[in-house]
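Engineer: Throughout the sequence shown, residue numbering follows the UniProt record's numbering, covering 1 to 553 in sequence.
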Amino acid sequence: MANWYDRAIIYQIYPKSFQDSNGDGIGDLNGIRQRIPYLKSLGINAVWLNPVFVSPQVDNGYDVSNYYAIDPSMGTMEDMENLLSELHDAGIRVIMDFVLNHTSYQHPWFQDAIHNKDSIYRDYYIFAKGKDGKEPNNWGSFFGGSVWEKDPAGTDEYYFHLFDKKMPDLNWKNPEVRHAMLDVAEFWLKKGIDGLRIDAFIHIGKADLRQNYPTDSDDDQPIVAEPFFANLSQVQKWLRPFCKQIKADYPDTLLLGEAASANVNLAVDYTLPRNELMDTVITFRYFTEDLTKLDESFSTRYQPRDLDIPAFKQNQVVWQQTLSNVSLPTLYWNNHDMSRVATRFAKDEQQVKGLAMLMYLQRGIPVIYYGEELGLKNLHFDTAEPFNDITVDEFLASAIKAGKTKEQALEMVSKMHKLAARNVMPWDDSDNSGFTTGEPWNVGVPANADNVAGEENDNNSVLNFYRQLIDLKKTDLFTNGTYYLFDTNKYTYVYERDLEDEVGIVAVSLSSKKEMIELPIGNYDIKLKTGTCELVNNQLTLAPGSGVVLIKK
Numbered sequence: 001m002a003n004w005y006d007r008a009i010i011y012q013i014y015p016k017s018f019q020d021s022n023g024d025g026i027g028d029l030n031g032i033r034q035r036i037p038y039l040k041s042l043g044i045n046a047v048w049l050n051p052v053f054v055s056p057q058v059d060n061g062y063d064v065s066n067y068y069a070i071d072p073s074m075g076t077m078e079d080m081e082n083l084l085s086e087l088h089d090a091g092i093r094v095i096m097d098f099v100l101n102h103t104s105y106q107h108p109w110f111q112d113a114i115h116n117k118d119s120i121y122r123d124y125y126i127f128a129k130g131k132d133g134k135e136p137n138n139w140g141s142f143f144g145g146s147v148w149e150k151d152p153a154g155t156d157e158y159y160f161h162l163f164d165k166k167m168p169d170l171n172w173k174n175p176e177v178r179h180a181m182l183d184v185a186e187f188w189l190k191k192g193i194d195g196l197r198i199d200a201f202i203h204i205g206k207a208d209l210r211q212n213y214p215t216d217s218d219d220d221q222p223i224v225a226e227p228f229f230a231n232l233s234q235v236q237k238w239l240r241p242f243c244k245q246i247k248a249d250y251p252d253t254l255l256l257g258e259a260a261s262a263n264v265n266l267a268v269d270y271t272l273p274r275n276e277l278m279d280t281v282i283t284f285r286y287f288t289e290d291l292t293k294l295d296e297s298f299s300t301r302y303q304p305r306d307l308d309i310p311a312f313k314q315n316q317v318v319w320q321q322t323l324s325n326v327s328l329p330t331l332y333w334n335n336h337d338m339s340r341v342a343t344r345f346a347k348d349e350q351q352v353k354g355l356a357m358l359m360y361l362q363r364g365i366p367v368i369y370y371g372e373e374l375g376l377k378n379l380h381f382d383t384a385e386p387f388n389d390i391t392v393d394e395f396l397a398s399a400i401k402a403g404k405t406k407e408q409a410l411e412m413v414s415k416m417h418k419l420a421a422r423n424v425m426p427w428d429d430s431d432n433s434g435f436t437t438g439e440p441w442n443v444g445v446p447a448n449a450d451n452v453a454g455e456e457n458d459n460n461s462v463l464n465f466y467r468q469l470i471d472l473k474k475t476d477l478f479t480n481g482t483y484y485l486f487d488t489n490k491y492t493y494v495y496e497r498d499l500e501d502e503v504g505i506v507a508v509s510l511s512s513k514k515e516m517i518e519l520p521i522g523n524y525d526i527k528l529k530t531g532t533c534e535l536v537n538n539q540l541t542l543a544p545g546s547g548v549v550l551i552k553k
């Protein structure tokens with residue numbers, strides 16, 4: 001019997017930015033409840049909620065201080081239970097973000113660990129003695145600086161944090177930690193959630209902490225030594241019992257793992273059914289970017305870059321073919337950790353539609369980021385303060401030293417930084433776009449953005465295009481059909497989906513000029529299109545940025 005998630009079309013909601021119900025400027029659970037009719041009208045059948053647990057909000061909820069309660073800014077446990085019930089009544093499943101690599105520094109476990117060296121919770125985290133008066137090793141944090149921070153208790157030890165220093169990593173080597181995190185997961189599954197988006201699971205295993213990462217630099221700066229804390233063999237060893245137990249107790253649970261740096265072969269390992277781990281994984285290795293135009297005179301971290309189309313096609317077809325008899329890949333263009341596709345890659349609204357058509361009709365599970373269906377772009381920030389990110393400060397300093405103005409540098413950051421993609425949802429043209437009656441949290445309101453109310457009655461809007469696209473994705477052909485990428489020039493992306501006697505062809509132009517494609521002989525109906533296309537005697541002509549879905553008669 002097929003699993004429900006084989007037909008999932010997931011809509012990612014960043015709760016802080018979706019809908020505020022009480023006027024405090026922060027989106028909440030009751031705000032999401034208000035918008036269930038909209039979610040149902042989109043045609044999606046599952047939502048993924050970014051973290052809603054109690055949190056000091058150092059990293060917008062990914063620093064959890066209580067896994068068993070809802071953050072007051074989001075509502076109450078009763079609100080969560082009501083949201084679950086009402087989403088289920090609307091035929092929409094619920095996937096919760098589950099943070100298991102680290103906790104908040106305010107979590108009672110960590111507080112006990114640093115206030116009592118003999119605490120059993122000391123071994124819930126990773127502590128190590130310094131070396132030669134410095135940190136235990138030279139590994140760098142993803143958030144800048146070292147992964148090590150001095151023990152607040154004043155001992156000669158440091159604690160490990162792969163992300164912010166207020167987010168200490170859990171010690172998964174300790175079986176008590178593994179049991180504790182399983183208890184948390186099962187608490188929420190008992191509440192009735194349908195899936196877990198398992199955050200940063202590839203990082204729970206670490207190499208020997210005595211080992212420095214070799215470098216040719218003498219500056220002693222920390223280096224992000226990812227091979228030492230990503231995708232190590234312990235990850236599978238420790239997670240397998242966790243996943244097996246969840247599937248034994250709640251067989252219909254979707255386990256969607258964030259495997260940011262996993263290549264396609266690791267994705268096979270993580271999703272091969274006999275390995276009893278994840279059902280599907282999200283990887284950041286999907287997007288091959290053109291790095292040839294980067295300015296090497298200053299930091300490239302937030303320099304915008306285009307999609308490398310030939311490499312992207314190679315990458316996509318390798319993922320499609322390698323996972324074809326293993327699992328369903330996730331299909332996505334953006335999420336809370338990257339800039340929006342309408343800013344990052346798409347040149348205009350038509351290309352937003354074409355890229356959606358190209359991606360989501362492939363074999364796999366679509367994950368649509370809230371507002372994407374409106375063609376929503378990144379926010380623009382005039383100052384660095386809202387980012388509160390040392391990597392932004394470093395980039396600005398580097399760019400200004402190379403002769404860029406502060407305005408030019410901030411424009412680049414706004415186009416590339418994840419915070420700029422967390423804009424509030426624009427519902428209408430009222431004050432604050434209908435998101436709140438108060439002052440929106442620091443991401444603010446998108447300037448001059450299209451909104452739901454404005455797009456609802458426009459047959460050519462991005463919103464109504466997404467609705468048609470989702471309806472098409474739900475058909476057996478685009479859910480279960482095989483996938484075959486055509487051999488075309490580098491500026492066109494054309495593939496076929498086959499299911500018994502049914503044949504569908506998706507053809508999208510990523511070119512700035514007219515493109516012609518020779519199709520297999522047959523008679524075709526146009527099922528969906530964006531832009532201008534013409535089909536004469538099996539020769540398809542696509543205007544710049546156009547796309548079409550054809551069904552063979």
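The C-beta atom is built at its ideal place from N, Cα and C for all residues, glycine as well.
Does DSSP classify ARG285 as helix, strand or coil?
Structural biologist: If you number the sequence shown from 1, residue 285 lands on position 285. Looking at ARG285 - three-state DSSP - the assignment turns out to be helix.
Engineer: Could you spell out the range, first to last residue, of the beta strand (DSSP E) harbouring TYR38?
Structural biologist: To locate residue 38, count along the sequence shown from 1; it is residue 38. Segment 36-42 is the alpha helix (DSSP H) holding TYR38; no beta strand (DSSP E) there.
Engineer: Entirely within the stretch 375-429 and at least 4 residues each: give me those alpha helix (DSSP H) ranges in chain order.
Structural biologist: The stretch 375-429 contains these whole alpha helix (DSSP H) runs: 390-401, 406-416.
Engineer: DSSP on PHE127, reduced to helix/strand/coil?
Structural biologist: In the sequence shown, counting from the first residue as 1, residue 127 sits at position 127. PHE127: strand per DSSP, three-state reduction.
Engineer: Give a single yes or no on whether TYR62 has its beta carbon closer than 7 Å to a heavy atom of the ligand ATP.
Structural biologist: In terms of ligand content, the structure shown is empty, and the ligand ATP therefore cannot be addressed.
Engineer: Could you tell me if SER546 is buried or exposed, where buried requires 16 or more neighbouring beta carbons within 10 angstroms of its beta carbon?
Structural biologist: In the sequence shown, counting from the first residue as 1, residue 546 sits at position 546. By the 10 Å Cβ count, SER546 comes out buried.
Engineer: Between LYS527 and LEU469, which are expected to be in contact by the criterion C-beta below 8 Å, what is the C-beta distance as a whole number of angstroms?
Structural biologist: Counting from one through the sequence shown, the residue named residue 527 turns up at place 527. Counting from one through the sequence shown, the residue named residue 469 turns up at place 469. So it is not a contact: roughly 10 Å between Cβ atoms.
Engineer: According to DSSP, is GLY522 helix, strand or coil?
Structural biologist: For this step, residue 522 is matched to residue 522 along the sequence shown. In this structure, GLY522 counts as coil in the three-state DSSP scheme.
Engineer: Answer yes if the stretch 17-29 comes into contact with the stretch 377-393, meaning at least three C-beta pairs across the two stretches below 8 Å, and no otherwise.
Structural biologist: Because the criterion of three Cβ pairs below 8 Å is not met, the stretch 377-393 and the stretch 17-29 do not touch.
Engineer: Give every residue of the same chain whose Cβ lies closer than 8 Å to the Cβ of SER398, excluding the five residues on either side of it in the sequence, and list them in chain order.
Structural biologist: If you number the sequence shown from 1, residue 398 lands on position 398. Excluding positions up to five away in sequence, the list reads PHE298, SER299.
Engineer: Report the rounded CA-to-CA distance for ALA384 versus ALA447, giving the unit in angstroms.
Structural biologist: Translated into the one-based positions of the sequence shown, residue 384 becomes position 384. Translated into the one-based positions of the sequence shown, residue 447 becomes position 447. Near 18 Å, if we compare the C-alpha coordinates of ALA447 and ALA384.
Engineer: LEU254 lies in the beta strand (DSSP E); which residues open and close that run?
Structural biologist: On the sequence shown, residue 254 is found 254 positions in, with the first residue counted as 1. That run of the beta strand (DSSP E) goes 254-258.
Engineer: What's the call for ARG210, buried or exposed, on a 16-neighbour Cβ count within 10 Å?
Structural biologist: Numbered from its first residue, the sequence shown carries residue 210 at position 210. That one is exposed.
Engineer: With a 10 Å radius around its C-beta and 16 neighbouring C-beta atoms as the bar for buried, classify ARG62 as buried or exposed.
Structural biologist: For the purposes of this step, residue 62 is taken as residue 62 along the sequence shown, with counting starting at 1. The sequence shown places Tyr at residue 62, rather than the Arg named in the question. When all chains shown are included, TYR62 counts as buried.
Engineer: Can you tell me the Cβ-Cβ gap for ALA230 and ILE202, rounded? I've got them flagged as a contact below 8 Å.
Structural biologist: For the purposes of this step, residue 230 is taken as the residue at position 230 of the sequence shown. For the purposes of this step, residue 202 is taken as the residue at position 202 of the sequence shown. Yes, ALA230 and ILE202 are in contact; Cβ-Cβ is about 5 Å, under 8 Å.
Engineer: Would you kindly report the start and end of the unbroken beta strand (DSSP E) that includes LEU196?
Structural biologist: As a first step, residue 196 must be located in the sequence shown, where it is residue number 196. Run containing LEU196: 195-199, per the beta strand (DSSP E) assignment.
Engineer: Looking at the structure shown, is PHE53 part of a helix, part of a strand, or coil, going by DSSP?
Structural biologist: Stepping through the sequence shown from its first residue, residue 53 is reached at position 53. Note: PHE53 maps to strand in three-state DSSP.
Engineer: Which whole-angstrom value is the C-beta distance of GLY205 and GLN234, which I expect to be below 8 Å?
Structural biologist: Mapped onto the sequence shown, residue 205 falls at position 205. Mapped onto the sequence shown, residue 234 falls at position 234. At roughly 3 Å, the Cβ-Cβ gap stays under 8 Å, so GLY205 and GLN234 are in contact.
Engineer: Three or more C-beta pairs closer than 8 Å, one from the stretch 34-44 and one from the stretch 59-78: is that the case here?
Structural biologist: No, because fewer than three Cβ pairs between the stretch 34-44 and the stretch 59-78 fall closer than 8 Å, the two stretches do not touch.
Engineer: Across which residues does DSSP place VAL508 in a beta bridge pair?
Structural biologist: Along the sequence shown, one-based indexing puts residue 508 at 508. In the DSSP output, where bridge partners are listed per residue, VAL508 has TYR493, GLY547.
Engineer: Mind checking which residues open and close the beta strand (DSSP E) that includes GLU149?
Structural biologist: Taking the sequence shown and counting its residues from 1, the one referred to as residue 149 is at position 149. Unbroken beta strand (DSSP E) run through GLU149: 148-150.
Engineer: Would PRO15 count as contacting chain C if we go by Cβ distances under 8 Å?
Structural biologist: No chain C appears in the structure shown, which is made up of a single protein chain.
Engineer: Alpha carbon to alpha carbon, how far is TYR213 from ALA128? Give it in angstroms, no decimals.
Structural biologist: By 1-based counting over the sequence shown, the position of residue 128 is 128. By 1-based counting over the sequence shown, the position of residue 213 is 213. Whole-angstrom Cα-Cα distance: 17 Å.
Engineer: Tell me which residues share the same chain as VAL64 and place their Cβ nearer than 6 Å to its Cβ, disregarding the 5 neighbours each side in the sequence.
Structural biologist: Numbered from 1 along the sequence shown, position 64 holds the residue referred to as residue 64. Answer for VAL64: PHE53, SER55, VAL99, THR103, SER104, listed in chain order.
Engineer: Taking the C-alpha atoms as reference points, what is the distance between GLU518 and THR541?
Structural biologist: Translated into positions along the sequence shown, residue 518 becomes position 518. Translated into positions along the sequence shown, residue 541 becomes position 541. Roughly 9 Å separates the two Cα atoms.
Engineer: What do you reckon, are the CB atoms on ASP123 and ASN174 nearer than 8 Å?
Structural biologist: Start at 1 with the first residue of the sequence shown, and residue 123 comes out as number 123. Start at 1 with the first residue of the sequence shown, and residue 174 comes out as number 174. Result yes, Cβ atoms of ASP123 and ASN174 sit closer than 8 Å.
Engineer: Using a Cβ-Cβ cutoff of less than 6 Å, which residues in the same chain neighbour residue 618 once the five nearest sequence positions on both sides are dropped?
Structural biologist: Nothing can be reported for residue 618, as the shown portion of the chain is limited to 1 through 553.
Engineer: Can you find the residues in the same chain that come closer than 7 Å, C-beta to C-beta, to ASP393, ignoring five residues on each side of it along the sequence?
Structural biologist: Counting from one through the sequence shown, the residue named residue 393 turns up at place 393. Same-chain partners within the cutoff: ALA384.
Engineer: Have a look at the DSSP bridge pairing and note the partners of residue 556.
Structural biologist: Lying outside 1 to 553, the shown extent of the chain, residue 556 is not represented and no answer is given.
Engineer: Would you mind listing the beta strand (DSSP E) stretches within the stretch 326-383 that are 3+ residues and don't spill past its ends, in chain order?
Structural biologist: List check, beta strand (DSSP E) in window: 365-369.
Engineer: Please list the terminal residues of the continuous beta strand (DSSP E) segment that includes ALA453.
Structural biologist: Working through the sequence shown from its first residue, we reach residue 453 at position 453. Not the beta strand (DSSP E): ALA453 falls in the alpha helix (DSSP H), residues 452-456.
Engineer: Starting from TYR483, follow the alpha helix (DSSP H) in both directions and report where the run begins and ends.
Structural biologist: For the purposes of this step, residue 483 is identified with residue 483 of the sequence shown, where counting begins at 1. Looking at the DSSP string, TYR483 is not in any alpha helix (DSSP H); the run it does join, the beta strand (DSSP E), is 482-485.
Engineer: How would you label VAL318, buried or exposed, when you count the other beta carbons within 10 angstroms and need 16 or more for buried?
Structural biologist: Here residue 318 corresponds to residue number 318 of the sequence shown, with the count starting at 1. It is exposed - the Cβ of VAL318 has fewer than 16 other Cβ atoms within 10 Å.
Engineer: Name the DSSP bridge partner or partners of LYS134?
Structural biologist: In the sequence shown, the residue the question calls residue 134 occupies position 134. Looking at the DSSP assignment, LYS134 forms a beta bridge with LYS131.
Engineer: For the structure I just gave you, are there three or more beta carbon pairs, one from the stretch 271-287 and one from the stretch 237-244, closer than 8 Å?
Structural biologist: Output reads yes: the stretch 237-244 touches the stretch 271-287.
Engineer: In the DSSP assignment, find the beta strand (DSSP E) that holds residue 586 and state where it starts and stops.
Structural biologist: There is simply no residue 586 to check, as the chain begins at 1 and stops at 553 in what is shown.
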